[in-house]
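Engineer: All you need for the numbering used here is the position in the sequence shown, starting with 1, plus 26. Below: one structure in structure tokens.
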Amino acid sequence: MANLRELRDRIKSVNSTKKITKAQELIATSQISKAQARVAAAKPFADQITAILTDLASASSIQHRMLNEPEDAKRSAVLVVTSDRGMAGGYNHNVLKEAAELIAFLEGEGREVDIYVLGNKGIVYYTFREIALAGSWHGHSQKPDYQEARPAFHLLSTAFAVGGEGTFDAAEFLGENYEGDTTRHGVDEVHIVYTQFVSMLTQTPRARRLAPIETQVEIEELDLGEDMLDTSKTDFKPEVTFEPDADTLLDNLLPRYMSTRAFAALLESAASESAARRTAMKSATDNATELVEGLSREANQARQAQITQEISEIVGGAGALAASAGSD
């Protein structure tokens, strides 16, 4: 058993750590509601612009890279959204694992992959493994700011507009302090890997393709006995007329769509990060409480043993003195 002084030092150290984890838990809790509100505010616009473009891809016969599946994609871009700080449990591990699986799949399809990263933890992860990054940004994972994240979104939309066989100068998107070659390849596809906020206890890593638009086919079931020829219940998609022409319209929509969808993913990731950090810090605080209770029991037992020993020594000394006095 450790001596009493060592136990008291450990209790003091654990209590000090517990104060830190409790403070982090409270901060994360206060940030979650704000992050959820931002997600809810951004979701309708992001969903609507996606629905419009999805309908165009499904209903119109125009040929545009934004709407049509790539026939021979040679290069893909993957934007990985991580956090700037740690102490968030498995948040970063899970999203980086999802990104690794997506990258492995794309490379298995014979495509070159350009990796872009938002968040310091992702930058450190790939740098440590000596994996080249086509672009990286950090400093706004907890409270995403559209203007600060805009260069990343515009770089990706520019890369997609150029196409997989072209190149472009990305100096204006990489920042003034960037040192190195600013020439970047265009891409045929743009994917994003982020963490979807499901609930306070559940956050799920997701991989989504931003461009070209992924078309979705919805099949509605008819009730028994319903007239299949009843046109009043049929959702006919109208023929689309473009003003100005389709290419001009879609070229202008591309950066707005890319920015909207990517920023919505950043907001979800921020809410997920706060929820994951709250869960991790609550678990750490609970573990610290249990550890202090165990150490306190050990300290009490050590103190009791020390007192018992002191009493025994006193009694033994008194007996020895009494025996010595009797012999005199």
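From the three backbone atoms N, C-alpha and C, an ideal C-beta is built for every residue, glycine too.
Can you tell me whether DSSP reads R101 as helix, strand or coil?
Structural biologist: Here residue 101 refers to the residue found at position 75 when the sequence shown is read from its first residue. Three-state result, R101: strand.
Engineer: Is it buried or exposed for V341, if we count other Cβ within 10 angstroms and need 16 for buried?
Structural biologist: Counting from one through the sequence shown, the residue named residue 341 turns up at place 315. V341 is exposed by the Cβ-count criterion.
Engineer: Does the beta-carbon of E70 have 16 or more other beta-carbons within 10 angstroms, so that it is buried, or is it exposed?
Structural biologist: Taking the sequence shown and counting its residues from 1, the one referred to as residue 70 is at position 44. It should be noted that the sequence gives Pro, not Glu, for residue 70. Looking at its Cβ environment, which holds fewer than 16 other Cβ atoms inside 10 Å, P70 is exposed.
Engineer: Apart from the five residues on each side of it in sequence, which residues of its chain come closer than 7 angstroms, Cβ to Cβ, to A325?
Structural biologist: As a working note, residue 325 is residue 299 in the sequence shown. These residues qualify, in order along the chain: L30, L33, R34, I37.
Engineer: When we look at the beta-carbon of P270 and count the other beta-carbons within 10 Å, is it buried (16 or more) or exposed?
Structural biologist: As a working note, residue 270 is residue 244 in the sequence shown. Answer is exposed; the Cβ neighbour count stays below 16.
Engineer: Find out if the Cβ-Cβ distance for the pair L181, G212 is shorter than 8 angstroms.
Structural biologist: As a working note, residue 181 is residue 155 in the sequence shown. As a working note, residue 212 is residue 186 in the sequence shown. Against a cut-off of 8 angstroms, the Cβ pair of G212 and L181 comes out as no contact.
Engineer: Cα separation between A126 and R176?
Structural biologist: For this step, residue 126 is matched to residue 100 along the sequence shown. For this step, residue 176 is matched to residue 150 along the sequence shown. A126 and R176: Cα-Cα distance of roughly 25 angstroms.
Engineer: Assuming the contact rule is C-beta atoms closer than 8 angstroms, Y152 and A103 should be a hit. Round their C-beta distance to whole Å, please.
Structural biologist: As a working note, residue 152 is residue 126 in the sequence shown. As a working note, residue 103 is residue 77 in the sequence shown. With a Cβ gap of about 14 angstroms, Y152 and A103 do not count as contacting.
Engineer: Since R137 and A99 are thought to touch, with beta carbons under 8 angstroms apart, how far apart are those beta carbons, to the nearest angstrom?
Structural biologist: Position 111 of the sequence shown, counting from 1, holds the residue named residue 137. Position 73 of the sequence shown, counting from 1, holds the residue named residue 99. With a Cβ gap of about 6 angstroms, R137 and A99 count as contacting.
Engineer: Are three or more beta carbon pairs between the segment 281-295 and the segment 163-177 nearer than 8 angstroms?
Structural biologist: Cβ pair count under 8 angstroms is three or more, so yes.
Engineer: Indicate whether L159 and T108 have their beta-carbon atoms separated by less than 8 angstroms.
Structural biologist: What you label residue 159 is simply residue 133 of the sequence shown in a count that begins at 1. What you label residue 108 is simply residue 82 of the sequence shown in a count that begins at 1. No; because the gap between Cβ atoms is not below 8 angstroms, this pair is not in contact.
Engineer: Are the Cβ atoms of Q50 and M307 separated by less than 8 angstroms?
Structural biologist: Indexing the sequence shown from 1 puts residue 50 at position 24. Indexing the sequence shown from 1 puts residue 307 at position 281. The answer is yes: Cβ separation under 8 angstroms.
Engineer: Give me, in chain order, the residues of the same chain whose beta-carbon lies closer than 8 angstroms to that of P238; leave out the 5 immediate sequence neighbours on both sides.
Structural biologist: On the sequence shown, position 212 is the one that residue 238 refers to. Contacts found: A83, R91, M92, L93, N94, E95, P96, E215.
Engineer: Quick one: what does DSSP say G165 is sitting in, helix, strand or coil?
Structural biologist: The residue labelled residue 165 in the question sits at position 139 within the sequence shown. In this structure, G165 counts as coil in the three-state DSSP scheme.
Engineer: Looking only at C-alpha atoms, which of E133, Q330, R304, Q89 sits nearest to T55?
Structural biologist: Numbered from its first residue, the sequence shown carries residue 55 at position 29. With distances taken between Cα atoms, T55 lies closest to R304.
Engineer: Output the boundary residues of the beta strand (DSSP E) element that contains E174.
Structural biologist: As a position in the sequence shown, residue 174 is number 148, starting the count at 1. First-last for E174: 172-188, but that is the alpha helix (DSSP H), not the beta strand (DSSP E).
Engineer: Spatial neighbours of T230 within its chain, please: C-beta separation below 6 angstroms, excluding the five flanking residues on both sides.
Structural biologist: Counted from its first residue, the sequence shown places residue 230 at position 204. Excluding sequence neighbours, T230 sits near Q222, V224.
Engineer: So, helix, strand or coil for A346, using DSSP?
Structural biologist: In the sequence shown, counting from the first residue as 1, residue 346 sits at position 320. Reduced to three states, the DSSP call for A346 is helix.
Engineer: Given this structure, state the Cα-to-Cα distance separating I218 from S285, to the nearest angstrom.
Structural biologist: Numbered from 1 along the sequence shown, position 192 holds the residue referred to as residue 218. Numbered from 1 along the sequence shown, position 259 holds the residue referred to as residue 285. Roughly 12 angstroms between the two C-alpha positions.
Engineer: Can you give me the start and stop residues for the alpha helix (DSSP H) that H119 sits inside?
Structural biologist: Sequence index remark: in the sequence shown, residue 119 carries index 93 (1-based). 117-134 is the extent of the alpha helix (DSSP H) around H119.
Engineer: Out of E339, A302, F199, G343, point me to the one whose CA is closest to L52's CA.
Structural biologist: Position 26 of the sequence shown, counted from the start, is the residue given in the question as residue 52. Answer by Cα proximity: A302.
Engineer: Compute the Euclidean distance between the alpha carbons of T43 and Q335, then round it to the nearest angstrom.
Structural biologist: The count along the sequence shown starts at 1 and reaches residue 43 at position 17. The count along the sequence shown starts at 1 and reaches residue 335 at position 309. So the alpha carbons of these two residues sit roughly 33 angstroms apart.
Engineer: What span of residues does the beta strand (DSSP E) with I141 cover, start to end?
Structural biologist: Here residue 141 corresponds to residue number 115 of the sequence shown, with the count starting at 1. Counting along the chain, the beta strand (DSSP E) containing I141 begins and ends at 138-144.
Engineer: Would you check if the distance between the CB atom of L280 and the CB atom of S183 is smaller than 8 angstroms?
Structural biologist: As a first step, residue 280 is located in the sequence shown; it is residue number 254 there, counting from the start. As a first step, residue 183 is located in the sequence shown; it is residue number 157 there, counting from the start. Yes, the Cβ-Cβ distance between L280 and S183 is below 8 angstroms.
Engineer: Could you check where the alpha helix (DSSP H) with A114 kicks off and where it finishes?
Structural biologist: By one-based count along the sequence shown, residue 114 stands at place 88. That residue, A114, is in no alpha helix (DSSP H); it is neither H nor E in DSSP.
Engineer: Keeping to the same chain, check which residues put their C-beta closer than 8 angstroms to that of F194; ignore five residues upstream and five downstream.
Structural biologist: What you label residue 194 is simply residue 168 of the sequence shown in a count that begins at 1. Only T184, A185, V188, T209, R210, G212 meet the Cβ criterion.
Engineer: Have a look at T274, R64, K45, F179 and flag the residue whose alpha-carbon is nearest the alpha-carbon of L200.
Structural biologist: The residue given as residue 200 occupies position 174 in the sequence shown. With distances taken between Cα atoms, L200 lies closest to F179.
Engineer: Would you list the residues sitting across from A233 in a DSSP beta bridge?
Structural biologist: As a first step, residue 233 is located in the sequence shown; it is residue number 207 there, counting from the start. Partner(s): V219.
Engineer: Can you give me the C-alpha to C-alpha distance between E319 and S167, rounded to a whole angstrom?
Structural biologist: Residue 319 sits at position 293 when you count from the first residue of the sequence shown. Residue 167 sits at position 141 when you count from the first residue of the sequence shown. Straight-line Cα distance between these residues: approximately 36 angstroms.
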